[in-house]
Amino acid sequence: KNEVEQSPQNLTAQEGEFITINCSYSVGISALHWLQQHPGGGIVSLFMLSSGKKKHGRLIATINIQEKHSSLHITASHPRDSAVYICAAVRGAQKLVFGQGTRLTINP
Amino acid sequence: SQTIHQWPATLVQPVGSPLSLECTVEGTSNPNLYWYRQAAGRGLQLLFYSVGIGQISSEVPQNLSASRPQDRQFILSSKKLLLSDSGFYLCAWRLAANYGYTFGSGTRLTVV
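Chains as they are written, first to last, in my numbering: chain A, 1 to 108; chain B, 1001 to 1112.
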């Protein structure tokens, strides 16, 4: 079992739908990152959070430390949101442990 | 503002040939630097990190090595590439622990 598990692995939705991607981890962490990887491979950091909730535009990330669970939500989804979303747990001072990613496709 | 440059973007190399991928950061000093690899169909994996010039930590024993000859330069190398070295290599930096990461655009390496 991976230390960081994401679900679902693949998600297809229609434009405008509310999207939720889940991330569970099995070890103690100091923070968690949500990353977005576009088809060309480049990665953009969306959020880093260690507690509570963060919002940026249509993106919302939450984390529950006690339950070892984080979610990424996208409101009013758009085809340009199509990408692979990756959660990564910060273990120790330098190590990121990555989930396997969720491939999101938003159809117009 | 800080930027990170990684090159080349794509590379096709024969088995047994050497490798040198370079990553440079601008606009900051003494960044923490990282090399990650994403093999086909798999998640990202930390290969090396550096917290200062000449300081390299390896996470996974493999055919690769890293060097940091200057404060904002991080190089990933191999003397002889293997087929299993194929993948997508990403460089990243951050100011220090507890800061967010900024990733380079990546190098897609195909060993043939």
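C-beta atoms are modelled at their ideal positions from N, C-alpha and C, and glycine is treated no differently.
So, is residue i buried or exposed, given that buried needs 16 or more other C-beta atoms within 10 angstroms?
i                      : result
residue 10 (chain A)   : exposed
residue 27 (chain A)   : exposed
residue 1042 (chain B) : exposed
Along the chain, where does the beta strand (DSSP E) containing residue i start, and where does it finish?
i                      : result
residue 85 (chain A)   : 83-91
residue 1028 (chain B) : Counting along the chain, residue 1028 (chain B) falls outside any beta strand (DSSP E), and DSSP gives it neither H nor E.
residue 60 (chain A)   : 59-64
residue 1042 (chain B) : Looking at the DSSP string, residue 1042 (chain B) is not in any beta strand (DSSP E), and its letter there is neither H nor E.
residue 10 (chain A)   : 10-14
Any Cβ of chain B within less than 8 Å of the Cβ of residue i?
i                     : result
residue 89 (chain A)  : no
residue 98 (chain A)  : yes
residue 9 (chain A)   : no
residue 16 (chain A)  : no
residue 43 (chain A)  : yes
residue 83 (chain A)  : no
residue 61 (chain A)  : no
residue 95 (chain A)  : yes
residue 101 (chain A) : yes
residue 33 (chain A)  : yes
Roughly how many angstroms lie between the CA atoms of residue i and residue j, to the nearest whole one?
i                      : j                      : result
residue 66 (chain A)   : residue 4 (chain A)    : 15 Å
residue 22 (chain A)   : residue 1096 (chain B) : 27 Å
residue 51 (chain A)   : residue 1025 (chain B) : 30 Å
residue 63 (chain A)   : residue 32 (chain A)   : 8 Å
residue 18 (chain A)   : residue 1078 (chain B) : 45 Å
residue 89 (chain A)   : residue 103 (chain A)  : 19 Å
residue 1006 (chain B) : residue 44 (chain A)   : 14 Å
residue 1051 (chain B) : residue 108 (chain A)  : 45 Å
For chain A, check one thing: does any of its Cβ atoms lie closer than 8 Å to the Cβ of residue i?
i                      : result
residue 1040 (chain B) : no
Taking C-beta pairs closer than 7 Å, name the residues in chain E that residue i reaches, listed in chain order.
i                      : result
residue 1033 (chain B) : The chain inventory of the structure shown lacks chain E, comprising the protein chains A and B.
- Query: Would you call the segment 11-25 of chain A and the segment 1056-1067 of chain B in contact, with 3 or more CB pairs under 8 Å?
  - Reply: no
- Given 8 Å, three or more beta-carbon pairs between the segment 1067-1081 of chain B and the segment 1029-1047 of chain B: yes
- Message: Using a Cβ distance threshold of 8 Å, determine whether the segment 1009-1024 of chain B contacts the segment 72-80 of chain A, with at least three qualifying pairs required.
- Response: no
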